[in-house]
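Sequential numbering from 2 applies to the sequence shown in our numbering.
The structure under discussion appears below in the form of structure tokens.
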Amino acid sequence: MRNPKMIPYETIVQATAGEREAIERIMQHYRGYIRRAALVNGTVNQDAEDFITETLLAALFKYRFAEK
2 MRNPKMIPYE TIVQATAGER EAIERIMQHY RGYIRRAALV NGTVNQDAED FITETLLAAL
62 FKYRFAEK
């Protein structure tokens, strides 16, 4: 049984390969978490949101899967 809160493995593999739609799905999945983490005094700090988003994208492209 699949967990609907998890991003499918195939989507992650496609995103690390640079597929635009997969990257968008991942960013959409984490958008709420990012906005929540970027809250400062009850409002979203745009600089913090941008920094977190850039960090996620950088980590996504650095990730490599082990070869079998």
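No residue lacks a Cβ here, since even glycine has one placed at the ideal position from N, Cα and C.
Predicted model, so just to flag it, every value in this text is computed and none were measured.
message: Please state whether the Cβ-Cβ distance between Ala-49 and Ala-59 is less than 8 angstroms.
response: no
- request: Report the residue from Ile-24, Arg-3 and Pro-5 whose alpha carbon sits nearest the alpha carbon of Thr-12.
  value: Ile-24
- request: Rounded to whole angstroms, what's the CA-CA distance from Ile-35 to Thr-54? Just pull it up for me.
  value: 7 angstroms
query: With respect to the alpha helix (DSSP H) encompassing Gly-33, which residues constitute its N-terminal and C-terminal limits?
result: 21-38
query: Using the C-alpha atoms, what's the distance from Val-41 back to Phe-62?
result: 28 angstroms
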